[in-house]
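Just below is one structure, and these are the notes that go with it.
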Amino acid sequence: MANYLAKMELIDIKLRQERYIQQAKISEEIQRIKRRELESLEKEEKDENSFISISSLYPLETERELLRRVRLGDKEGAKEVLNEILGKILFKNAGQIELIRARLLELAVVLSRAAVEAKAELEMILGLNFEYIQELGKIKSIEELCIWIVKVLDRFTESVYENRNIKNVDMIRKTREFIRANYKKKIKLIDISKAIYLSPYYLSHIFKKETGSTLLEYLTKVRIEEAKRLLENTSWNTTRISFEVGCSDQSYFCKVFKKNEGISPYDYKRRMKR
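In full-length UniProt numbering, the protein residues as written are 1 to 274.
Pasting the structure below:
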């Protein structure tokens with residue numbers, strides 16, 4: 001009994017620490033936004049013709065980046081982007097709990113859709129949506145709202161691979177992290193297997209069995225998601241973007257992009273700029 005209570009106390013301490021860290025990161029983001037807005041206002045005073053868009057507080061590309069992280073199962077990366085979004089929501093709607101609640105509900109729905117797009121089990125996601133909406137209505141403070149959306153993000157990100165009953169969780173996580181950190185390089189199976197300290201055959205077999213995708217398919221997915229981000233947010237041509245995401249052959253890159261997205265990189269860029 002004593003051991004159980006000690007264990008529960010440690011868990012409670014860990015949760016409080018995580019909440020403190022999360023709130024600190026959000027506070028840092030709010031302060032960063034305030035500094036940026038002050039700089040923009042000072043610039044506006046100097047230049048009467050300047051224009052500051054309110055929508056710049058919460059650009060659509062930030063939300064798209066969050067959804068990409070969820071689809072890739074990148075929990076930590078998704079949290080970083082979420083902190084940025086939360087900072088902007090809290091700054092723009094300071095003290096207005098009902099507006100913040102409504103915005104986070106919208107965000108939760110978008111996150112659930114991203115999880116389903118990444119092959120999470122639909123019935124499970126629908127059940128979680130119902131459960132989380134019930135919880136949301138009972139929350140009384142802005143701090144608890146922030147904790148709630150982080151929990152929602154964690155759960156939906158985890159659900160991307162959960163329906164496949166992954167047993168080798170740590171190995172899969174390390175493999176995905178290595179690929180996300182090195183996709184710009186010409187990495188091969190042997191490079192990944194050395195980093196994970198497993199034989200190429202065993203790693204390939206387990207990764208495919210546990211995730212339903214081959215290593216090459218996951219690498220391609222990471223590269224395509226990054227290419228989409230660059231197409232949306234830069235003026236770079238497809239040749240430069242293909243090199244930026246680790247593809248030295250621009251023609252091959254365009255072919256793979258169209259196969260995965262059903263549209264060429266050029267047409268994708270035009271569609272996003274409308």
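For each residue, glycine too, the CB sits at the ideal point set by N, CA and C. These numbers were taken from a predicted model, which means no experiment stands behind them.
Check, Outcome
"Taking the straight line between their C-alpha atoms, what separation do you get for His205 and Ile85?", "38 Å"
"Can you find the residues in the same chain that come closer than 7 Å, C-beta to C-beta, to Glu135, ignoring five residues on each side of it along the sequence?", "Trp148"
"Determine whether the Cβ of Gly87 lies closer than 7 Å to any Cβ atom of chain B.", "Included in the structure is just one protein chain, with no chain B present."
"Apply the 10 Å Cβ neighbour rule to Arg68 and answer buried if 16 or more other Cβ atoms are within range, or exposed otherwise.", "buried"
"Roughly how many angstroms lie between the CA atoms of Ile133 and Ser264, to the nearest whole one?", "38 Å"
"Fully enclosed by the segment 103–190, which alpha helix (DSSP H) runs are 4 residues long or longer?", "122–138, 142–162, 169–182"
"Just to confirm, is the Cβ distance from Leu100 to Leu128 under 7 Å?", "A small correction: the amino acid at residue 100 is Ile; Leu does not occupy that position in the sequence shown. Taking 7 Å as the Cβ cut-off, Ile100 and Leu128 do not qualify as a contacting pair."
"Helix, strand or coil for Asn93, going by three-state DSSP, please let me know.", "coil"
"Determine the closest residue to Leu66 out of Glu244, Leu215, Lys119, Thr157, with distance taken between C-alpha atoms.", "Thr157"
"What is the DSSP secondary structure of Leu66, reduced to helix, strand or coil?", "helix"
"Could you check where the alpha helix (DSSP H) with Cys254 kicks off and where it finishes?", "250–261"
"Between Arg223 and Tyr183, how many whole angstroms is the CB-CB distance? I'm expecting something under 8 Å.", "5 Å"
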